[in-house]
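Q: Next up is a structure, given as structure tokens.
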Amino acid sequence: MMRKKSVSASKASLVLFLCQMISALEVPLDSKLLEELSQPPTITQQSPKDYIVDPRENIVIQCEAKGKPPPSFSWTRNGTHFDIDKDAQVTMKPNSGTLVINIMNGGKAEAYEGVYQCTARNERGAAISNNIVIRPSRSPLWTKEKLEPNQVREGDSLVLHCRPPVGLPPPIIFWMDNAFQRLPQSERVSQGLNGDLYFSNVQPEDTREDYICYARFNHTQTIQQKQPISVKVFSMDSLNDTIAANLSDTDIYGAKPVTERQPVLLTPTGSTSTKVELRGNVLLLECIAAGLPTPVIRWIKEGGELPANRTFFENFKKTLKIIDVSEADSGNYKCIARNILGSAHHVISVTVKAAPYWITAPRNLVLSPGEDGTLICRANGNPKPNISWLANGVPIAIAPEDPSRKVDGDTIIFSHVQERSSAVYQCNASNEYGYLLANAFVNVLAEPPRILTSANKLYQVISDSPALLDCAYFGSPKPEIEWFKGVKGSILRGNEYIFHDNGTLEIPVAQKDSTGTYTCVARNELGKIQNEVQLEVKDPTMIIKQPEYKVVQRYGHVSFECIIKHDSTLLPTVIWLKDNDELPDDERFLVGKDNLTIMNVTDRDDGTYTCIVNTTLDSVSASAVLTVVARPNPPFDLELTGQLERSVELSWIPGDENNSPITNFVIEYEDGLHEPGVWHYQTEVPGTQTTVQLKLSPYVNYSFRVIAVNEIGRSQPSEPSEQYLTKSANPDENPSNVQGIGSEPDNLVITWESLKGFQSNGPGLQYKVSWRQKDVDDEWTSVIVANVSKYIVSGTPTFVPYEIKVQALNDLGYAPEPSEVIGHSGEDLPMVAPGNVQVHVVNSTLAKVHWDPVPLKTVRGHLQGYKVYYWKVQSLSRRSRRHVEKKILTFRGNKTFGMLPGLEPYSSYKLNVRVVNGKGEGPASPDKVFKTPEGVPSSPSFLKITNPTLDSLTLEWGSPTHPNGVLTSYILKFQPINNTHELGPLVEIRIPANESSLILKNLNYSTRYKFYFNAQTSVGSGSQITEEAVTIMDEGKMAMASRQVDIATQGWFIGLMCAVALLILILLIVCFIRRNKGGKYPVKEKEDAHADPEIQPMKEDDGTFGEYSDAEDHKPLKKGSRTPSDRTVKKEDSDDSLVDYGEGVNGQFNEDGSFIGQYSGKKEKEPAEGNESSEAPSPVNAMNSFV
């Protein structure tokens, strides 16, 4: 069922609807309809009912009306026709009813006083204006009067009467002096509503001769002045003879000094009065009282409350003002004047009357022939107004009869109207306080439907939002409206549409498929008309990436994103707001396409930022808050309270936390007595605490400051607090870190850490230094020294223990008894060398040394350990001496043996041992000689392969750099490498040790060979060196092959060779790259995988004393050096543990001198025989593979 906004079935509601419709059409009707549609006159503008004019200017009485056809105008004056054509001073504006009375060219305004009424008439009826009362304003002069001086006794009340001339409108009254300065007013002196000046009590300063009342007439812009009034205030003491002559003896002698008096009301008089005010006006009630002291006025409403929000007090509470009064404000209002002597009161009975006011004003009716309707005119007032009707300006009782019209009190009922029933009706509601006049026409029209909406109007809406398609129409009788979609669409029905009474079609939720052409059809019994409109449904604008909440530090930068999606046919505009206002005009704000960036953020940038996206059809927005954080502001207002000898309470007020909560406060102090300008940490408290009890030390001039801390950082320090000097006291503590160490064999140096200034607790800080020899029954020897940190005791035995203590004292006394420490007098060099030094050679590179400990008494100091000096005398294989450089190993503590690593095989060594104390080394033990056995040699120094022929190669080599024994022979192994990089059979040759070259014959031509070469001693083979070489090609065979097959000129062969050459070039590049990167043959990889592990490097320990040095050719074992397997220290070869190794460059040791190095040998495995690959092939071999 079609959903339609309901229209009541009652005739009255229908009439009201049509009336609303036609009134709605009056303004927006197009010009064509206005030209064709008849309408009775309507008054649109008129002068006020009570029209006071300036007598010096032309009088303009307004009367404007509209209607179709345009109305004509006429006027009445004082109830009779006003013929403007007979008065040359009066004209009517063209196309208007406004009268202009020419006063400036000789006319007099008084001659045109009266009651005027305008009538606007056309063929459909006549409308009339209000009765307009024209009165010229008046500003008469004050009448001449002789004013006697006012002589008043001090303390009496006084009223200065103004009595201004009666003007139109009434003048505004104010009091001034001769200098045109307003007279000051107060609770004691004030102006009443009638313009009089009231004195509750006069004072001597009120004496003056220029009290002047002024009356200002606003209409004529004139001010009238009253004659000045003189006031003289006297007292009995100052009564002169002239005044006394005018007073009787009784008056003089009966007068009393100024006395206080209770209040008496000056206005209003009596105890009660009445006041009538009209509804909607301002109610003003006044009470002015005399009395001494000056009374205070208070207002109440009996039986009720003064209305809130509408009640005001003026003139120092002497005037009660209630605005917009209503009948509910009627009642008794009491004013009470009170001073210390009593009170007076007055009750004003207020009655609120009401001029007529509308309840329901009549409204225009537009009817079709045969329809019914009503005009309703309802008004209220106090007293209740009388309702009367007029038709076309004539009382309805004497107006031409209309059978369709019936008057029923405040209602006119129309039945089966015809076109001749058109008229303008006037409703007049009046009582004694005024009247209301309203025009309402009845317009009976017979018009075919008209559609006022433009043809093919385009409507654009956003998807999922309502679409309102207008079909503004007019017709009489009222047309029926139907909607269709598309050219041949059916009538629209159903819940997805809403059909409004004004013809509008509403699609509550428009979708994309709602796009199209819609047709509106309006029909009544006089005809039918239709109109098409277009609807386009657009995609909504969306913010797909909204700005997010940001926290940024001051002077940082921040960016808000606002990424949008919109219909491609709509052009969006993006606006950024800060706190719902425009962005600041600041170059720090950078607005990009999809973002807003703020550089160098300040505290003022804190707030809510909103991204607004507008199109012609929709608007979306998203907001985010920016919080600017910073280090807190420094605390302030530091205050010290509760000062005691050892404590004080510090309080402060936190500074602004700058959007980051304060986590804690740091309290620092300055000692202005001992370290002025230096601030020290005292304590810290949580951020919620603003007071702290601080512990203090004696004899310190404290100043405190507070630093606030939040997540961003620390604030600037607060201003320092006031200074607080604590009293002196004995020292609380003694020096710390007391030590006794001799610097010479015959002294004892006692040192300590001095007390800081604030630890002295008073002036005159000194130290009492005491000592005695330990385990000897001696008395303490003491000495008092100044504020120093060292004392030297001379003449002591060498290295003797002493008991030592140091006690602080100042001018007030001693610190508590100090604790004792043990020190020693100075050391001397050890006296004897270790004895019974023995050496056990473990293997060719390792030896173990033993010695007997020296007696502790001969050490003459703290035993630090033993040092072993050893050096190579000569190599047994070369029989040559070189420069001797000693090596040193240190063994901590009371050890009696140690290991000597890193020895060279087949060499002669010497060593000695010395004991070490804090002073230095003792004498050396006698030198001990030992020899190391043979070892495996190092690799030959070089291997060169020269003179390649078809079947031979020449090998040359150099002897090993370190033979490590007597060489017995060289071992040469070699094997061929075929074209597929596989290794052939391995051949081994033993060569005498005295040879240095060899020619290998009977080799294959154009073949690559790999050679393995090493030396041997009686112990075994050393590490090997490898090389590769190639025999040369047989040129004869190559020439024979060329003669047999001459294919070099064949095209296919040339192409094949080009491809092969390109392939070779690529292969060569790959081979060189792999070789440069260290590529290995499979055999090489296997050799490396199975090789013996190398000897690990021995890290030099940074010993406390002793050094290792070696300038000979035989360096300590390095990473990558190769040691024969028989050098490896095995458990079955030695009973010594690794902890027996000393400190030095050849090993790494623990603090007790134990060695944590590792000894092992590495020997390259023999070359693999058989079909194994070797290194990457050379370019020569690659070329040979094609021959």
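For any residue, its number in the working numbering is found by taking its place in the sequence shown, counting from 1, and adding 7. Even for Gly, the Cβ is constructed at its ideal location relative to N, Cα and C. Quick caveat: nothing in here was measured; it's all calculated off a predicted structure.
(1) Buried or exposed for residue 1063, please, with buried defined as at least 16 other CB atoms from any protein chain shown within 10 angstroms of its CB.
(2) Please classify residue 710: is it buried, with 16 or more other beta-carbons within 10 angstroms of its beta-carbon, or exposed?
(3) Going by DSSP, what residue range makes up the beta strand (DSSP E) through residue 464?
(4) Taking 8 Å as the threshold, find out whether the region 697-714 comes into contact with the region 659-678 through three or more Cβ pairs.
(5) For residue 1040, which three-state DSSP category applies?
(6) Rank 172, 125, 651, 730 by C-alpha distance to the C-alpha of residue 678 and give the top, closest one.
(7) Decide if residue 906 is buried, meaning its Cβ has at least 16 other Cβ atoms within 10 Å, or exposed.
(8) Who are residue 944's beta bridge partners in DSSP?
(9) Name the two residues that bound the continuous alpha helix (DSSP H) containing residue 865.
(10) Look at residue 581 and residue 632 and say whether their C-beta atoms are less than 7 Å apart.
(11) Less than 7 Å between C-beta atoms, sequence neighbours within five positions excluded: which residues of the same chain meet that for residue 217?
(12) Determine the DSSP secondary structure at residue 976, reduced to helix, strand or coil.
(13) Give the straight-line distance between the Cα atoms of residue 491 and residue 510, rounded to the nearest whole angstrom.
(14) For residue 568, which residues of its own chain have a beta-carbon under 7 Å away from its beta-carbon, when the five flanking residues on both sides are left out?
(15) As a quick exercise: from 134, 1060, 162, 205, pick the residue whose alpha carbon is nearest that of residue 169.
(16) Compute the Euclidean distance between the alpha carbons of residue 442 and residue 290, then round it to the nearest angstrom.
(17) Locate the beta strand (DSSP E) running through residue 559, then write down its first and last residues.
(18) Using 10 angstroms around the beta-carbon of residue 858, count the other beta-carbons present and answer buried if the total reaches 16, otherwise exposed.
(19) Quick one, which of 985, 976, 653, 891 has its alpha-carbon nearest residue 1003's?
(20) Excluding the 5 residues preceding and the 5 following residue 891 in the sequence, name in chain order all residues of the same chain whose CB lies nearer than 6 Å to its CB.
(21) CA-CA distance, residue 322 and residue 200?
(22) Thinking residue 1010 and residue 962 are a contact (beta carbons under 8 Å), I'd like their distance in whole angstroms, please.
(23) Kindly identify the DSSP beta-bridge partner or partners of residue 121.
(24) Quick one: using the 10 Å Cβ neighbour count with 16 as the cut-off for buried, is residue 823 buried or exposed?
(25) What is the residue span of the beta strand (DSSP E) that residue 70 lies within?
(26) With a CB to CB cut of under 7 Å and the five nearest residues on each side skipped, what residues in its chain are close to residue 572?
(27) Quick one: what does DSSP say residue 702 is sitting in, helix, strand or coil?
(28) In three-state terms, what does DSSP make of residue 787?
(29) Taking only three categories from DSSP, how would you classify residue 478?
(30) List in chain order: all unbroken alpha helix (DSSP H) runs of 4+ residues lying wholly within the region 351-378.
(31) Tell me, which residues are paired with residue 967 by DSSP?
(32) Taking C-alpha atoms, which residue in 719, 704, 688, 634 lies nearest to residue 670?
(33) Using the Cα positions of residue 794 and residue 924, report the straight-line distance between them to the nearest angstrom.
(34) What does the alpha-carbon distance come out to for the pair residue 164 and residue 332?
(35) Does the ligand MN have even one heavy atom less than 6 Å from the beta-carbon of residue 242?
(36) If residue 124 and residue 138 are in contact, beta carbons under 8 Å, what's the gap, nearest whole angstrom?
A: Answer, in terms of the structure:
(1) Here residue 1063 is exposed. Its C-beta has fewer than 16 other C-beta atoms within 10 Å.
(2) By the neighbour-count rule (16 or more Cβ atoms within 10 Å), residue 710 is buried.
(3) Bounds of the beta strand (DSSP E) holding residue 464 are 464-469.
(4) A contact exists between the region 697-714 and the region 659-678.
(5) Looking at residue 1040 - three-state DSSP - the assignment turns out to be coil, as it is neither helix nor strand.
(6) Of 172, 125, 651, 730, the smallest CA-CA separation from residue 678 is found for 730.
(7) Residue 906 comes out buried.
(8) Residue pairing by DSSP places residue 944 opposite no residue, since no beta bridge is assigned to it.
(9) Run containing residue 865: 863-866, per the alpha helix (DSSP H) assignment.
(10) No, the Cβ-Cβ distance between residue 581 and residue 632 is not below 7 Å.
(11) The residues are 184, 185, 235.
(12) In this structure, residue 976 counts as strand in the three-state DSSP scheme.
(13) Each residue's CA atom was taken as its position, placing residue 491 and residue 510 some 13 Å apart.
(14) If we look at residue 568 and ignore the five residues flanking it on each side, its Cβ neighbours are 552, 554, 601, 602.
(15) Of the residues 134, 1060, 162, 205, the one whose Cα lies closest to the Cα of residue 169 is 205.
(16) Rounded to the nearest angstrom, the two C-alpha atoms are 21 Å apart.
(17) Counting along the chain, the beta strand (DSSP E) containing residue 559 begins and ends at 557-560.
(18) Per the 10 Å Cβ criterion, buried.
(19) The residue with the shortest Cα to Cα distance from residue 1003 is 976.
(20) Correct list, in chain order: 878.
(21) Across the structure, residue 322 and residue 200 are spaced so that their CA atoms are roughly 10 Å apart.
(22) That belief does not hold up - the Cβ atoms of residue 1010 and residue 962 are roughly 12 Å apart, past 8 Å.
(23) The beta-bridge partner set that DSSP reports for residue 121 consists of 141.
(24) Around the CB of residue 823, fewer than 16 other CB atoms lie within 10 Å, so the residue is classed as exposed.
(25) Start and end: 70-75.
(26) Within the same chain, residue 572 has close Cβ partners 549, 551.
(27) Three-state result, residue 702: strand.
(28) Coil at residue 787, not helix or strand.
(29) In the structure shown, residue 478 sits in coil (DSSP, three-state: anything other than H, G, I, E or B).
(30) Secondary structure within the region 351-378: not one fully enclosed alpha helix (DSSP H) run of 4 or more consecutive residues is present.
(31) DSSP, once it has assigned bridges, lists 947 as partnering residue 967.
(32) Here the closest residue by C-alpha is 719.
(33) Distance between the alpha carbons of residue 794 and residue 924 is about 33 Å.
(34) Their Cα atoms are separated by approximately 34 Å.
(35) The ligand content of the structure shown is nil, which means the ligand MN is not present either.
(36) Yes, residue 124 and residue 138 are in contact; Cβ-Cβ is about 5 Å, under 8 Å.
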